[in-house]
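Residue numbers (this note's numbering), protein chains in the order written: chain Z, 1 to 337; chain A, 1001 to 1337.
There are 2 protein chains.
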Amino acid sequence: MKKSHAPTLVDVAREAGVSLKTASRVLNHSVNVSEKKTEKIRKVMERLGYRPNELARGLKSRKSAAIGMIVPNLSDPFFSSAIKAAQEEARANGHVVILSSSGGYADVERREIETLVRRQIDGLVIAPADSHENHLSSTIPADLPVVTFDEPVQSARYDVVTVTNRESARQATAHMIERHNARSVVAIGARPHLYTCAERVAGYRDAMQKAGLAPRTCLVQHESQLTPEWLEKELFVSGGVDAIFSLNWVCTILVLKGLRALGRQVGRDILLISFDDFDLAEMLTPSLSAVRQPSERLGAEATRLLFERLKGSADGEPRSLVLPTELVLRESCGCRH
Amino acid sequence: MKKSHAPTLVDVAREAGVSLKTASRVLNHSVNVSEKKTEKIRKVMERLGYRPNELARGLKSRKSAAIGMIVPNLSDPFFSSAIKAAQEEARANGHVVILSSSGGYADVERREIETLVRRQIDGLVIAPADSHENHLSSTIPADLPVVTFDEPVQSARYDVVTVTNRESARQATAHMIERHNARSVVAIGARPHLYTCAERVAGYRDAMQKAGLAPRTCLVQHESQLTPEWLEKELFVSGGVDAIFSLNWVCTILVLKGLRALGRQVGRDILLISFDDFDLAEMLTPSLSAVRQPSERLGAEATRLLFERLKGSADGEPRSLVLPTELVLRESCGCRH
DNA sequence: CGCATGTTTGACATCGTTGTCGCACCGGGC
DNA sequence: GCCCGGTGCGACAACGATGTCAAACATGCG
């Protein structure tokens, strides 16, 4: 009866007539092994189809070669892009990505972090579901390198990658006011407890106040509340709303669908700029003006910062990287008509 | 000097005055431990903030509680949805998902599989980059449970979840022919080596032949070849093309952009049905008719089948699950005008 | 009371790898 | 001839958990 177990390093060593440790050295590209033995051991590994057991390796070396990544929503294109870039960056650094999603709930997020920590991840890239309570630091071991992106966590000592939320929001709002004579602009968004939301609202306010206009924010707790009925009530019953500044992708989608359901036409009845650009924004009628976040870059930079920490090439204060956005002017804000 | 290592089960056992094994039993909800000790050990775990090391657990028990997932493209909404569902299903079964992407390249795919196998994944959910060569079975250990989805692998003994590619394609094509009098319909797609592509083409052919029309397929090796210039040449130089059947999401996006660049209007100059529906398809002008794949369900069912294997409740022949699609008729095919 | 039966418990080996340490060997400088 | 430092290699323990097996203990029955 053959033992059908996968071959281990012990098998390799026996077959090659060397000690276990020497085989291990070859596996780790250690230099102190003679040319001849290295060659021989390599051959045996090849022949046996040897595959190192990363679990065992990680157990002993205290490095799992895995990083965790948590986002609120896996099917939001903003996050998919970030994940894609993060995965590539991780692979380039010889790590795998364990992916999970919080659904935007802090308690789910905590549970997922717990799971990841138990798996001994070497680091964590996270777009937090909440910036207020210090719910991350209580779950995350103090010595685990963490990079937050999109949403920063207050009073924490993590690296963070964001965009110029406030200034970009100001600029988008100002554009509609200054170029297209919008007077009554509303900001529509969800999850007001998020810092990104607050910042974007602040930028919106900046622009309104500078123009001497009264800001009017329409924030709901959860996106599901952005129904056509709600829109009708908020935007049209009292009347006179010129323009909408929508605070993120999900809201934009729902606003667009809602307006269509109400028979209102964007670009004519009402102007719109979306925070978050996406693949087909230019194909809509009217094409959608948007603040484009460099989503892939956000994921890539966050992961890059993480690996800098892991390699020890950075071990000082938390760093903050603020990326620029691009205001993509298309038709929905009134341009190109 | 305090030892700042994270507490281990040995620490817990010592603190609780029991043996290592008894603590282990409590961790694994073994029944044969007295009420009193269980309680005590639980308390100690709580107090010390004990977190089981999943690497060590996995090493000994030969189960990593992780599954691998590989898709060609992380930012394709079809795959994001599938990933989302898979991740939820995995979590419900106490597993994590290690995600990676092949970019559609068989050699990258092999390398990623190798990485995952070394990490001792318990199972693999994969949308293969290639169905022809038997490149999967040569890399995947014979005893690793695998479920393929979207793209089946020929002559392999894996469970598979797909949709009714051929019939759905036939139906979509027939719709344009029968309801809207299309005579010259072309099928546009990429990566003709894929089975899904071939099946969809076959369905398209079925419809054309049944109507006594000559099929005309425009397949390119890679999506990047779907430029406006190429479209112009294929569709308009010889002239007379009525309608397009686009074989997947990426192609649809590029065809839409290309047609716009060429100044051709979908729904008027040329009809279009897309294989793959997406979030904003209904918001386009004209709204896009599409074959909607139940993408979340594909991911969920694939993962569900995998866990059935893992739990041993299924250990027979490979199973094949074929899910229905929905032909969503909007304006681009000529409906509702 | 003795013995069979079943429950609780712990000592020890083990999973597959890497870390520690020490030994043997080599050539070179005194 | 002797000591030295560096290289090449291996024996052994360790990482943190689980599996094995047998001992200790409680219980029920004749």
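Glycine is no exception: its CB is placed at the ideal position from the N, C-alpha and C atoms.
Contact annotation, Z:A85 with Z:A290: C-beta distance approximately 20 Å; criterion of less than 8 Å not satisfied.
With contacts defined as CB atoms closer than 7 Å, Z:T148 and A:T1285 fail to qualify as a contacting pair.
As summarised for the segment 256-318 of chain Z, the continuous alpha helix (DSSP H) elements at least 4 residues long and confined to that stretch are 295-310, given in chain order.
A direct Cα-to-Cα measurement between Z:A172 and Z:L298 gives close to 20 Å.
Using a Cβ-Cβ distance cut-off of 8 Å, the segment 1189-1209 of chain A and the segment 1245-1256 of chain A are in contact, since at least three pairs of beta carbons, one from each stretch, lie closer than that value.
Residue contact with chain A for Z:L259: absent (no Cβ-Cβ distance below 7 Å to any residue of chain A). Taking the beta carbon of Z:L99 as reference, the chain A residues within 7 Å of it are Q1087, V1097, L1099, listed in sequence order. If the five residues before and after A:C1218 are omitted, its C-beta is found closer than 6 Å to the C-beta atoms of V1186, I1188, E1234, all from its own chain and listed in chain order. Contact annotation for A:L1256 against chain Z: L280, M283 [CB-CB distance below 9 Å, chain order].
Under a 10 Å Cβ-count criterion, A:L1020 is classified as exposed, with fewer than 16 other Cβ atoms of the shown protein chains found around its own Cβ. Residue-level contact check: A:L1288 does not touch chain Z, since none of the beta carbons of chain Z fall below 7 Å from its beta carbon. In the structure shown, the three-state DSSP call for A:L1226 is coil. Beta-bridge partners of A:C1218 (DSSP): A:I1188. Contact between the segment 133-141 of chain Z and the segment 1066-1075 of chain A is absent: fewer than 3 CB-CB pairs across the two stretches fall below 8 Å. Closer than 7 Å to the CB of A:K1084 there is at least one CB belonging to chain Z.
Under the three-state reduction of DSSP, A:S1155 is assigned to coil, being neither helix nor strand.
Look at Z:E46: its C-beta is not under 7 Å from any C-beta on chain A. The three-state reading of DSSP puts Z:V322 in strand, counting E and B together. Listed along chain A, no residue sits closer than 8 Å to Z:S168 by beta-carbon distance, the nearest being about 22 Å off. Collapsing the DSSP output to three states places Z:L99 in a strand. Z:F78: member of the alpha helix (DSSP H) spanning 77-92, first to last residue.
Contact check for Z:L256 against Z:M176 fails: the beta carbons are separated by 7 Å or more. Beta-bridge analysis with DSSP links Z:G123 to Z:I67. For the options A:G1263, A:E1035, A:D1276, the alpha carbon positioned closest to that of A:E1326 is the one of A:D1276. Annotated three-state conformation of Z:V147 is strand, per DSSP. At a beta-carbon threshold of 8 Å, the residues of chain Z lying near A:P1141 are A6, ordered along the chain.
The contact set of A:V1018 on chain Z, defined by CB atoms closer than 8 Å, is empty, because the minimum CB distance reaches about 22 Å.
Looking from the CA of A:A1261, the closest CA among A:G1239, A:G1240, A:C1197, A:W1230 belongs to A:W1230. Taking C-beta separations shorter than 8 Å and ignoring five residues to either side along the sequence, the partners of Z:G94 in its chain run A65, following chain order. At a C-beta separation below 7 Å, A:T1115 has these neighbours in chain Z: V96.
Contact between the segment 1011-1019 of chain A and the segment 1038-1056 of chain A is present: 3 or more CB-CB pairs across the two stretches fall below 8 Å.
A direct Cα-to-Cα measurement between Z:N165 and Z:D159 gives close to 17 Å.
With fewer than 16 neighbouring CB atoms inside 10 Å of its own CB, A:R1179 falls in the exposed class.
Listed in chain order, the alpha helix (DSSP H) elements of length 4 or more contained wholly in the segment 13-74 of chain Z are 20-27, 35-48, 54-61. Remark: C-beta atoms of A:L1099 and Z:L99 approach each other more closely than 7 Å. Distance check between A:A1174 and each of A:L1213, A:V1161, A:I1067 places A:L1213 closest, using alpha-carbon atoms only.
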